[in-house]
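Right, one structure below, let's go through it.
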Amino acid sequence: MTTSDERYSLVTWSAENNSCLVLLIPHTFMLVLENIAKRYGDKSILSEISLAIPKGSIVSILGPSGCGKTTLLNLILGLVPATSGRILVDGENVTNVPMEKRGFNIVFQDYALFPNLNAEENIVYGLKNCPGRSTPEEVRDLIHLLGLEPHLKSRVQELSGGQKQRVALARTLVMKPRLLLLDEPLSALDGLIKESIKERIRTIARQLKLTTLIVTHDPEEALTLSDKVLIINGGRIAQFDTPQGIVHRPADDFVRRFILSQLTIKRDNIYRLFGQPAAEQSLMPAAS
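Taking our numbering, the leading residue of the sequence shown gets 1, the next gets one more, and so forth.
Following this line, the structure appears as structure tokens:
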């Protein structure tokens, strides 16, 4: 049974002093992490991770390789236990609840589709054990929302990367997860396909009011897709803020370097290939 403290406990993160504050207010949050830590022996992977994620929002978990972002995703999913701290989902303490009972679903980076099944069979596969989870009409609506009607009879090997990603999303969504977790969902996609999938993820989160967590290494993806971005460095929260707050008010030098340097590299690579736009050239200071 969940106590009133568990249902109303909330941890907020302050960008001004890089600290956490525990408050007691009515819960409107789908996911709350309270002082989460993960250690393997003497090695600390995550430390003092505290945050609250509103229902229906999209949050990206961003950071350099080895920072702990995948470990955090696995902790939330229930693949590995936390060393200390609490995980609350919609007010319920799920810290010690097994993965299969948390009501979460994840779309992995490699899609994890069944190659011997066609797209439609992949989408409805999970309903074999939960036949009442989604009605046939709801399944059809999801297929339409993701634009998959022309590809339902296609085998996995006949699908493009973007089509595989949409099939994986549909297979997850028919199970009606309380929380949707996406592991590097755009890393294997290019150009217009990537933008199309980003737009579909946003549409799904809004229409289904589905809280969505995305692990990514790409600042551009995080900033353009999310309501809030969680930046992790060395197993700790470097900043948890809106995209605008991170760009205009980076919490420290690491955030500034990590975000802006990568965006600058992308811009410079484009300029190197195609030249700098004349409008920007006119704004550049003249060489002395």
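Note that CB positions come from ideal geometry on N, CA and C, so glycine has one too. Just so it is clear, the structure is predicted and the values come from calculations on it, not from any experiment.
Let me know the secondary structure DSSP gives residue i once reduced to three states.
i: E184; result: coil
i: T212; result: strand
i: R236; result: strand
i: S261; result: helix
i: K228; result: strand
i: L173; result: helix
i: A37; result: strand
i: L31; result: strand
i: L192; result: helix
i: K43; result: strand
i: L159; result: coil
Identify, in the order they occur along the chain, each residue of the same chain with its Cβ nearer than 6 Å to the Cβ of residue i, setting aside the five sequence neighbours on each side.
i: S134; result: V174
i: D227; result: S57 and I58
i: K69; result: I61, G63, V215 and I232
Taking the straight line between their C-alpha atoms, what separation do you get for residue i and residue j?
i: D183; j: C67; result: 15 Å
i: F274; j: K176; result: 45 Å
i: V124; j: T224; result: 31 Å
i: P250; j: L180; result: 27 Å
i: I204; j: L210; result: 7 Å
i: I61; j: Q109; result: 14 Å
i: V264; j: V215; result: Just to set this straight, residue 264 is Thr in the shown sequence, not Val. Between T264 and V215, the C-alpha separation is close to 21 Å.
i: Q262; j: H248; result: 16 Å
i: N118; j: R155; result: 4 Å
i: S47; j: N116; result: 42 Å
i: N35; j: R200; result: 33 Å
Return the residue from the list the options that minimises the CA-CA distance to residue i.
i: D366; options: I53, A238 and T242; result: As shown, the chain starts at 1 and ends at 288. That puts residue 366 outside it, with no answer to give.
i: L45; options: R257, R256, I232 and T224; result: Per the sequence presented here, residue 45 reads as Ile, with Leu not at that position. The shortest Cα separation from I45 among R257, R256, I232 and T224 belongs to I232.
i: Y40; options: R256, L260, Q244 and G235; result: G235
i: L31; options: P219, L77 and A119; result: L77
i: V139; options: L113, L179 and A170; result: A170
i: R86; options: S65, I49 and I53; result: I49
i: R102; options: T216, F114 and V89; result: V89
i: S160; options: S65, V94, T95 and I193; result: I193
i: S187; options: I259, L208 and K164; result: K164
i: A37; options: I259, P185 and T95; result: T95
i: F104; options: T172, A52 and E137; result: T172
Which same chain residues end up closer than 8 Å to residue i when comparing Cβ atoms and leaving out the 5 residues on each side of it in sequence?
i: S196; result: G162
i: L79; result: M99
i: T28; result: P54 and K55
i: K153; result: N118, A119 and E120
i: R272; result: none
Leaving aside the five residues before and after residue i along the sequence, list all residues of the same chain whose C-beta is less than 7 Å from its C-beta, in chain order.
i: P243; result: L223, S226 and V229
- Would you list, in sequence order, the uninterrupted alpha helix (DSSP H) runs of no fewer than 4 residues that lie entirely inside the segment 56-143? 69-77 and 119-124
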